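A.B. asks: The sequence shown runs 146 to 701 under the numbering used here. Even glycine gets a Cβ: it sits at the ideal position worked out from N, Cα and C. Treat the numbers as computed from the prediction; the structure is a model and nothing was measured. Quick one: the structure is below, and I'll ask about it shortly.
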Amino acid sequence: MGRDVRWDAELAIVAGRIDLLLQGVRDARGIAARRFALDALARGLMSADPGAVSEAEREAAASLRVDPSTVAAASAPRLPHAVAVPLVAKDHGVGFVRQVHVAFDPVGLWVDDAWLHPRARRALGDALGAAARHTAPPRALEQYRLVAAQPAALLRSQIDGPSLGAAALVSAISLWSERPIRARTVVTGAVRGDAVLPVGEMEAKVDAAAQHGADRIVVPASDAAEARRCAAGRVAVVGVGTLEALIAETLSPAKARAHPDRAMDEARRVFSTGWRGYRWPTVRETLSRLGGTLPEGRLDLRVEALARSAAAHRHLGDPARSLDLLHEAELIALSEEGRRAVPDGPLTYLFQQTAMTHRQLCRFEDAATAAARAVEIARSARLRGELIKALGCAGLVAMARGETEGAIEAFAESLEVAERHDPSRNARTRAYLIEAHAAAGHEPGARIQAKAALDALVVGGDDGGARESWVRTSWAGALVTLGRPEEAIAALDVPAVRASLEEEPLPGLLARRHLGVALAQGPDREHGFEVLAASPVVHGRALEPHLSFLAHLNVL
């Protein structure tokens with residue numbers, strides 16, 4: 146039966162035990178104890194593995210008035226090739242279950258593997274080699290590595306041996322063959338050659354699987370008898386002695402492999418949802434999985450996948466990694482084979498993302514060069530949709546360099562192209578143009594563009610509300626720049642913006658900045674400071690690094 150373990154809040158966070166953290170809030174007595182327990186619950190939700198927090202647990206957290214964005218952060222879906230593994234906490238001897246998966250890593254992004262002992266790394270290399278002998282990887286084997294969904298949680302685990310070998314092999318074959326991992330299955334075991342070898346701490350690992358709610362735990366055949374004794378009927382134990390048996394017991398039947406073009410279409414759809422509820426972590430993982438399965442010869446799709454992945458990393462506050470991915474994509478695109486295989490669409494998109502990443506790194510000359518190249522490619526190829534975006538990038542770079550007249554020129558041309566060919570893009574382009582006119586001190590121009598943008602809004606549904614909040618936020622920022630605080634406050638006093646202030650980090654944090662500054666400059670200085678100072682906490686701990694930066698910039 147399960148061992149008697151005294152769980153504290155920190156151990157429950159490491160283990161991802163949201164059930165225990167919820168109970169801790171319910172049991173807390175006194176204001177201080179309850180605040181501590183709620184903080185621990187929020188941290189637990191933020192460090193939970195994708196798909197590991199049940200809907201009932203999220204509803205319970207919401208009922209305890211945990212910040213909605215923190216609860217939403219725990220709703221990310223599980224990766225189809227993620228493997229649940231039982232681990233043992235240092236100094237406690239208690240088992241818990243966490244997710245690991247094999248990731249495609251062409252430029253060495255995943256350097257945060259301090260949770261792995263050198264001996265474990267060597268064993269994982271052997272396991273990935275065995276996986277490659279079973280199912281050929283689409284790309285070079287050294288470009289794949291095992292990563293943890295939440296590396297920080299694993300730093301307190303005793304991962305000093307080869308016990309993750311079976312999980313690494315299963316995840317790799319799942320990724321390369323597109324066979325999903327069987328649901329509610331926990332996997333442990335070492336791999337050597339064609340054999341699955343025994344591992345230690347079996348009692349703690351079986352207990353962890355049972356507490357996790359797993360249906361089955363797959364263990365080495367030589368450990369099966371001990372595992373069944375420890376399980377005592379709480380979880381089914383499946384013993385495997387060979388790699389074929391391991392694969393058969395952990396992977397679902399193969400489905401028809403998605404055509405690369407259809408897979409990229411799906412990735413584009415996921416990418417388009419990035420700002421809706423701030424889903425960039427899911428976008429990043431989706432693109433990483435896609436990049437690891439695209440055929441070597443589809444250079445066009447590989448370049449686009451790398452560029453989109455770079456954008457996701459930038460939106461998650463990591464422009465340095467974004468630049469590494471973009472450099473890899475550029476090497477492919479400008480190679481002799483790439484010049485023949487990569488069309489102008491992915492190429493201009495690559496340079497658009499390069500411009501935006503250099504801009505975030507304050508490398509403005511490089512950003513301007515990349516933006517100009519993106520515009521040149523889109524213009525010469527008559528890619529009107531890409532030209533709208535490339536000109537927008539050029540305008541944003543010019544704004545960052547303080548070249549407001551150049552920004553106005555770029556945004557105006559982008560708007561002209563959009564008016565003729567894609568009016569749905571007018572709202573965002575006009576929002577940029579409003580800000581550029583204000584920065585240049587052109588109040589009449591800013592007002593003309595603001596009136597046109599507000600008149601054109603079609604409010605209704607999620608998209609209409611989002612569009613209105615962005616336009617009004619830009620107009621309010623322009624009014625603050627122009628020294629019109631009362632008008633800025635009025636521009637933000639509408640339902641769409643009020644909702645974004647509390648529920649959507651973007652444009653909510655920008656709207657909060659403009660509102661706070663307008664209040665401080667105008668009728669209520671102290672309230673304005675309060676609005677700005679609340680930025681880091683209003684959206685809870687769900688803020689990713691780049692958004693956290695914006696929140697603290699509001700405070701400054």
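Just to confirm my understanding: we take L309, look at its own chain, exclude 5 residues before and 5 after, and list those with CB closer than 7 Å. What are they?
C.D. replies: Result list for L309: V230, V245, A265, L269 and L291, in chain order.
A.B. asks: Looking at the unbroken beta strand (DSSP E) that takes in L232, where does it start and where does it end?
C.D. replies: That run of the beta strand (DSSP E) goes V228 to V233.
A.B. asks: Relative to the alpha-carbon of T333, which residue among R565, S367 and W321 has its alpha-carbon at the smallest distance?
C.D. replies: For the residues R565, S367 and W321, the minimum Cα distance to T333 belongs to S367.
A.B. asks: Identify the continuous beta strand (DSSP E) that holds V487 and give its terminal residues.
C.D. replies: No beta strand (DSSP E) holds V487; DSSP gives it neither H nor E.
A.B. asks: Which same chain residues end up closer than 8 Å to D567 when comparing Cβ atoms and leaving out the 5 residues on each side of it in sequence?
C.D. replies: Counting only Cβ-Cβ distances below 8 Å, and skipping sequence neighbours, we find R529, G530 and I533.
A.B. asks: Could you give the first and the last residue of the continuous beta strand (DSSP E) run that contains Q356?
C.D. replies: Premise fails: Q356 lies in the alpha helix (DSSP H), M347 to H357, not in any beta strand (DSSP E).
A.B. asks: What do you get for A678, buried or exposed, if any count of 16 or more other CB atoms within 10 angstroms of its CB means buried?
C.D. replies: The residue is exposed, with fewer than 16 neighbouring Cβ atoms inside 10 Å.
A.B. asks: I need the straight-line Cα distance from G175 to M191, nearest angstrom please.
C.D. replies: Straight-line Cα distance between these residues: approximately 24 Å.
A.B. asks: With contact counted as at least three CB pairs below 8 Å, one residue from each stretch, are the region 621–636 and the region 581–594 in contact?
C.D. replies: Judged by Cβ distances under 8 Å, the region 621–636 makes contact with the region 581–594, as three or more pairs qualify.
A.B. asks: Nearest to E97 by alpha carbon, out of I304, D172 and D164?
C.D. replies: As shown, the chain starts at 146 and ends at 701. That puts residue 97 outside it, with no answer to give.
A.B. asks: Would you report the Cα separation of A349 and A486, rounded to the nearest angstrom?
C.D. replies: Their Cα atoms are separated by approximately 53 Å.
A.B. asks: Please classify A412: is it buried, with 16 or more other beta-carbons within 10 angstroms of its beta-carbon, or exposed?
C.D. replies: Buried.
A.B. asks: Which residue wins for smallest C-alpha separation from G436, given the options A408, W425, G419 and A513?
C.D. replies: Closest by alpha carbon: A408.
A.B. asks: Using the three-state DSSP reduction, which class does R148 fall into: helix, strand or coil?
C.D. replies: Interpretation of R148 is limited by its pLDDT of 47, a score under 50 that renders its predicted location unreliable; no figure is taken from the coordinates.
A.B. asks: Restricting to Cα atoms, I'd like to know which of V170, A519 and A526 is closest to A539.
C.D. replies: Answer by Cα proximity: A519.
A.B. asks: Within this structure, are the beta carbons of A369 and V382 separated by less than 9 Å?
C.D. replies: Yes, the Cβ-Cβ distance between A369 and V382 is below 9 Å.
A.B. asks: Determine the DSSP secondary structure at Q505, reduced to helix, strand or coil.
C.D. replies: Reduced to three states, the DSSP call for Q505 is helix.
A.B. asks: Round the Cβ separation of A154 and A185 to the nearest angstrom and send it over; I've been treating them as touching at under 8 Å.
C.D. replies: With a Cβ gap of about 4 Å, A154 and A185 count as contacting.
A.B. asks: With distances taken from CA atoms, which of A601, L602 and I579 is nearest R592?
C.D. replies: Closest by alpha carbon: I579.
A.B. asks: Measure how close the beta-carbons of V331 and A272 come, nearest whole angstrom, since I'm counting them as under 8 Å.
C.D. replies: Incorrect: roughly 17 Å between the Cβ atoms, too far for contact.
A.B. asks: List the endpoints of the continuous alpha helix (DSSP H) containing G238.
C.D. replies: Element bounds for G238: n/a, residue is neither H nor E.
A.B. asks: Out of L396, T574, G169 and T502, state which residue places its alpha-carbon closest to the alpha-carbon of V205.
C.D. replies: The displayed chain sequence assigns Ala, not Val, to residue 205. Considering only alpha carbons, the answer is G169.
A.B. asks: Leaving out five residues on either side along the sequence, give the residues of the same chain with a beta carbon under 6 Å from the beta carbon of A160.
C.D. replies: Excluding sequence neighbours, A160 sits near F241.
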